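For reference, the structure is listed below as structure tokens.
In the numbering used here, the protein residues as written are 308 to 512.
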């Protein structure tokens, strides 16, 4: 096993070798900090959709885009109570069904701005309501000695998926237009529903 001084020297050498890449990464993190970044991007996307796809004018698109994302706070609180009452697996299936359906149809209803706004708000309520339940399930089902590792893995994969979405949605909007940019996001909830239904059946619920 290398000595402490040897490990320190190797770490310093590795940092020095990658100093340019680390500097660029630091600048990117500073420019787009994680705290609130997902929410800010999602709000901007919904606003862009409501403006370009649903035809809202002026500040209306920005205001309703904000409310659609802010509704997620209500969804999280209500979701916790519903999950405690009906079961976490069952509730996450409901939540993902609603959010997946909203992603699939929001472009279809875009010609009716009032309906598009309503779907966006329901989507905002449902799309984050299941997140806390995934973490709760991990703490309840993982072996006690592996809970920390399991939560770390789950969180890391969640942020990885978020990064993919952040890169993918603007590309789709450029290719297909904002009206149809969100359809692909319905695939994630569909896979999640299959996984949670399997877990529910394995637990005999």
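In this text, a Cβ means the ideal position worked out from N, Cα and C, and glycines have one as well. Since the model is a prediction, treat every value here as computed from it, not as a measurement.
- With the rule of 3 Cβ pairs closer than 8 Å, the segment 404–411 does not count as touching the segment 455–463.
- Between residue 424 and residue 416, the gap from beta carbon to beta carbon reaches 7 Å or more.
- Excluding sequence positions up to five before and after residue 427, its CB lies within less than 8 Å of the CB of 353, 356, 357, 371, 372, 375, 409, 413, all in the same chain and listed in chain order.
- With 16 or more other Cβ atoms from the protein chains shown falling within 10 Å of its own Cβ, residue 499 counts as buried.
- When 323, 418, 449, 432 are compared, the shortest CA-CA separation from residue 359 is found for 418.
- According to the DSSP assignment, residue 430 belongs to the alpha helix (DSSP H) that extends over 420–434.
- In the same chain as residue 432, and ignoring 5 residues on each side of it, the C-beta atoms closer than 7 Å to its own belong to 378, 379, 381, 382, in chain order.
- Shown here for residue 434: same chain residues with a beta carbon closer than 7 Å to its own, the five before and five after excluded, namely 379, 406 in chain order.
- Excluding its 5 nearest sequence neighbours in each direction, residue 507 has C-beta neighbours in its own chain below 8 Å: 394, 396, 397, 400, listed in chain order.
- In the three-state scheme derived from DSSP, where H, G and I count as helix and E and B as strand, residue 449 is classed as coil.
- The continuous stretches of alpha helix (DSSP H) do not include residue 490, and DSSP gives it neither H nor E.
- Within a 10 Å sphere around the beta-carbon of residue 445 sit 16 or more other beta-carbons, which makes this residue buried.
- As for any alpha helix (DSSP H) of minimum length 4 sitting wholly inside the segment 383–416, the runs are 395–412, ordered along the chain.
- Under the 10 Å beta carbon count, residue 466 is surrounded by fewer than 16 other beta carbons and is classified as exposed.
- DSSP places residue 361 in the coil class of the three-state scheme, outside both helix and strand.
- For residue 508, the enclosing alpha helix (DSSP H) has its first and last residue at 494–509.
- Rounded to whole angstroms, the Cβ separation of residue 490 and residue 411 is 6 Å, and the two are in contact under 8 Å.
- Residue 366 sits in coil when the DSSP states are folded into three classes, being neither helix nor strand.
- For residue 361, the closest of 488, 451, 452 by C-alpha to C-alpha distance is 488.
- DSSP, reduced to helix, strand and coil, places residue 325 outside both helices and strands of the structure shown, so it counts as coil.
- Looking at 430, 366, 436, 365, the one whose alpha-carbon comes closest to that of residue 387 is 436.
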